[in-house]
Amino acid sequence: VEMKRASTSVLQRRLRIGYGRAAAILDQMERAQMIGPVDGARPRPVLGRAFETIAHWESAETVE
240 VEMKRASTSV LQRRLRIGYG RAAAILDQME RAQMIGPVDG ARPRPVLGRA
290 FETIAHWESA ETVE
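Sequence positions in the sequence shown follow my numbering and run 240 to 303.
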């Protein structure tokens, strides 16, 4: 999210997971409208909703 681009390779490196799992995570993020659709081999754009969701999660953590 910080990079404003989402790709399987970034998830694989950052989370130390395989391609299949990274691709599944991106598919879930697309369904949640957090990232844009596939555009060939280019990284997917991160949509504003992703930033709103993260801000919500962070505010929920401070309440606890």
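Backbone N, C-alpha and C define an ideal beta-carbon position, used for all residues, glycine too. The structure presented is a predicted model; accordingly, all values stated were derived computationally and were not measured.
- Shown here, V249 sits in a helix according to DSSP, grouped into three states.
- Restricting attention to A245, G287, S298, the CA atom closest to the CA of L265 is found in A245.
- With fewer than 16 other Cβ atoms inside 10 Å of its own Cβ, L254 counts as exposed.
- Excluding residues up to 5 positions away in sequence, T247, Q251 lie with their Cβ nearer than 8 Å to the Cβ of Y258 in the same chain.
- In the three-state reduction of the DSSP assignment, I256 falls in the coil class, being assigned neither a helical nor a strand state.
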